[in-house]
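What follows is one structure encoded as structure tokens, with my remarks underneath.
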Amino acid sequence: MAHQESQHGRSFGEERRAAIMELLDREASVQVADLAALFGVSRVTVRSDLDELEAAGRLRRTHGGAVSLSRALTVSIQDRRVNVNVEAKRAVGRAAADMVADGDSVLVDSGTTALELVRALGGHSDVTVVTCDFTVADLIDRSMPSVDAILLGGELRKGHRYTYGPMTEQALASLHPQISFVCPTSYVPGRGLMTNYAPMAQIKRAMMACAAQTVVLMDATKVDAPGLLLVDTLVGVDAVVMDRDPDGLVAADLAEQAPGARLVLTGEV
Numbered sequence: 001m002a003h004q005e006s007q008h009g010r011s012f013g014e015e016r017r018a019a020i021m022e023l024l025d026r027e028a029s030v031q032v033a034d035l036a037a038l039f040g041v042s043r044v045t046v047r048s049d050l051d052e053l054e055a056a057g058r059l060r061r062t063h064g065g066a067v068s069l070s071r072a073l074t075v076s077i078q079d080r081r082v083n084v085n086v087e088a089k090r091a092v093g094r095a096a097a098d099m100v101a102d103g104d105s106v107l108v109d110s111g112t113t114a115l116e117l118v119r120a121l122g123g124h125s126d127v128t129v130v131t132c133d134f135t136v137a138d139l140i141d142r143s144m145p146s147v148d149a150i151l152l153g154g155e156l157r158k159g160h161r162y163t164y165g166p167m168t169e170q171a172l173a174s175l176h177p178q179i180s181f182v183c184p185t186s187y188v189p190g191r192g193l194m195t196n197y198a199p200m201a202q203i204k205r206a207m208m209a210c211a212a213q214t215v216v217l218m219d220a221t222k223v224d225a226p227g228l229l230l231v232d233t234l235v236g237v238d239a240v241v242m243d244r245d246p247d248g249l250v251a252a253d254l255a256e257q258a259p260g261a262r263l264v265l266t267g268e269v
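So this is what it looks like as structure tokens:
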């Protein structure tokens, strides 16, 4: 490159790495692909930056990105999933966001796909997001001025960053949002939406019961994946948004249990 130093005497690499740390302070995690597009450099260059910052003890590398060390404890559980099937989750989130109109109030579940939905709402105005998920609320607080957030009270599930329990259920019973976006741990064909934590099964049921519409968000890896507890069947569900439907299993269950429901496939593989 013809110019190696900025006007302030720092190399472009140093300024880029400083900007990465500023992003991490706001967002808690960053993706290589996003940083490459933001700075107009190659992914190899971004990976080199992240490796250098990790060696300096300033961040922790993850598959496809990095997380802030200062916030690693509070995002540790979600961070294990945040870099899994990223493009599929983003596509699902964008498609779900298209269902939301300006001025809507929506209920958003906990999870990384839910986070991508909320991120995709950035172009909307006067939307209110009701959630039990601290990470979702934090994203809105830090970077989404046109979206309002209502954080549901209740007992904190430590390490998972969401609330649950009788107080949360009571709050949900008093609400009537336009759409409830529910994200199951898995989907078992012939049975329904699954989770592994009994109190969260109660929260998801309450979310589905209070809204005018229920929309299920999941990527294809959730289909026929392990799940201990049944949340609910697809009866009463208005739409399912996925990247793809393996072997048409979800479509078959929808046809039987909720024939009027939509199946939205984003086509991501």
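According to UniProt numbering, the sequence shown holds residues 1 to 269 in order. Idealized CB from N, CA, C, for every residue including glycine.
What span of residues does the beta strand (DSSP E) with residue i cover, start to end?
i	result
Ser48	Run containing Ser48: none in the beta strand (DSSP E); it sits in the alpha helix (DSSP H), 43-55.
Leu38	Careful: Leu38 lies outside any beta strand (DSSP E), inside the alpha helix (DSSP H) at 32-39.
Asp148	147-151
Asp232	229-232
Ala239	239-242
Ser11	Note, Ser11: premise wrong, no beta strand (DSSP E); not H, not E.
Reducing DSSP to helix, strand and coil, say where residue i ends up.
i	result
Ala255	helix
Arg191	coil
Gly65	strand
Asp138	helix
Leu156	strand
Thr221	helix
Arg60	strand
Arg161	coil
Met21	helix
Val235	coil
Val215	strand
For residue i, collect the residues of the same chain with a Cβ closer than 8 Å to its Cβ; drop the 5 residues on either side in sequence, then sort them by chain order.
i	result
Asp245	Ala220, Val223, Ala251, Leu263, Leu265
Leu53	Arg17, Ile20, Met21, Leu59, Ala66
His176	Cys210, Ala211, Ala212
Under 6 Å Cβ to Cβ from residue i, same chain only, skipping five residues before and after it: list those, please.
i	result
Asp148	Thr128
Ser146	Ser125
Asp104	Val127, Gln178
Val41	none
Arg39	Note that residue 39 corresponds to Phe in the displayed sequence, not to Arg. Answer for Phe39: Arg16, listed in chain order.
Leu107	Val130, Pro177, Ser180, Met207, Ala211
Whole angstroms are fine: how far does the CA of residue j sit from the CA of residue i?
i	j	result
residue 338	His124	Only positions 1 to 269 of the chain appear in the structure, and residue 338 is not among them; the question remains open.
Ala88	Met242	8 Å
Arg94	Leu217	11 Å
Leu230	Ala211	20 Å
Met208	Ser110	14 Å
Leu172	Ser180	11 Å
Tyr162	Leu156	6 Å
Thr62	Thr168	32 Å
Ala239	Ala261	5 Å
Leu151	Thr233	27 Å
Cys132	Gly153	7 Å
Val46	Gly13	10 Å
Gly192	Pro199	17 Å
Thr195	Pro184	6 Å
Val130	Gly165	16 Å
Gly236	His160	28 Å
Gln202	Met144	29 Å
Ala96	Leu117	6 Å
Ser48	Arg119	27 Å
Leu35	Val86	15 Å
Lys204	Glu27	26 Å
Asp51	Asp25	17 Å
Go to residue i, then tell me how far its alpha helix (DSSP H) extends in each direction, as first and last residue.
i	result
Gln170	166-173
Met207	198-210
Excluding five sequence neighbours on each side, which residues of the same chain lie with their C-beta closer than 7 Å to the C-beta of residue i?
i	result
Gly65	Ser29, Val30, Gln31, Val32, Asn83
Pro226	Ser186
Leu115	Thr135, Val136, Leu139
Gln257	Thr233, Leu234, Val235
Leu23	Val30
Could you check whether the Cβ of residue i sits closer than 8 Å to any heavy atom belonging to the ligand ZN?
i	result
Gly248	Ligands displayed in this structure: none; no statement on the ligand ZN is therefore possible.
Unbroken stretches of the beta strand (DSSP E), 3 residues or longer, contained in the segment 77-136: Runs of the beta strand (DSSP E) inside the segment 77-136: 105-108, 127-131.
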